[in-house]
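All residue numbers for the sequence shown refer to the numbering used here, where the first residue is 5 and numbers rise by one. We put the beta carbon where it would ideally sit given N, CA and C, even for glycine. Please read all numbers here as calculations on a predicted model, not as lab measurements. Let me begin by presenting the structure, written as structure tokens, before commenting on it.
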Amino acid sequence: MKVLYKTQATATGGRTGSAATTDGALKVDLVTPKELGGPGGAGNNPEQLFAAGYSACFLGAIKFVAGQQKVKIAEDSTVTADVGIGARDDGQGFGLDVALTITLPGVERAVAEDLVARAHIVCPYSHATRGSLDVRLTVA
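Next up, the structure:
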């Protein structure tokens, strides 16, 4: 694979700490949610960051495949990622639960479903999680 873009981020303190990109463009305070035994409160957690990244990337993949198909995607189109974390059924650690809800105003349902299926192949987040996560896709 020829790498077209590369970034780097460093986390300190684990789930309750901070993370930042080396270029200074992103810096977040990390706080473990109360549901996971942390203090909760102001700050973000890895699941929120994953949800934001996956939703943005998936919408980008939809726009990419829509361009190939000559389908116009409205500016108010959205992808909402619901990301959960919990103990795996095998008792060997933790796993993620992911569902994407896609809203493509002005696009016929059959066309939208086709674009979503194609985007799920193209999106690098979908590719990286394929085989390890059952990502549920819903066209709203």
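{"query": "Kindly list the residues whose CB is nearer than 6 Å to the CB of E51, restricted to its own chain and excluding five residues on each side of it in sequence; keep chain order.", "result": "V87, I89"}
{"query": "What is the DSSP secondary structure of A46, counted as helix, strand or coil?", "result": "coil"}
{"query": "How should A85 be labelled, buried or exposed, when 16 other C-beta atoms within 10 angstroms of its C-beta is the threshold for buried?", "result": "buried"}
{"query": "Among G17, H124, D93, T25, which residue has its Cα nearest to the Cα of T105?", "result": "H124"}
{"query": "My understanding is that V35 touches G47, with C-beta atoms under 8 Å, so please give their C-beta distance in whole angstroms.", "result": "3 Å"}
{"query": "Bridge partners for R19 per DSSP, in chain order?", "result": "For R19, which the question treats as bridged, DSSP gives no partner whatsoever."}
{"query": "DSSP on V120, reduced to helix/strand/coil?", "result": "helix"}
{"query": "Check the C-beta distance from V83 over to A116 and give it rounded, since I have them as a contact under 8 Å.", "result": "Contact flag wrong, Cβ pair sits at about 12 Å."}
{"query": "Less than 8 Å between the C-beta atoms of G110 and A78, yes or no?", "result": "yes"}
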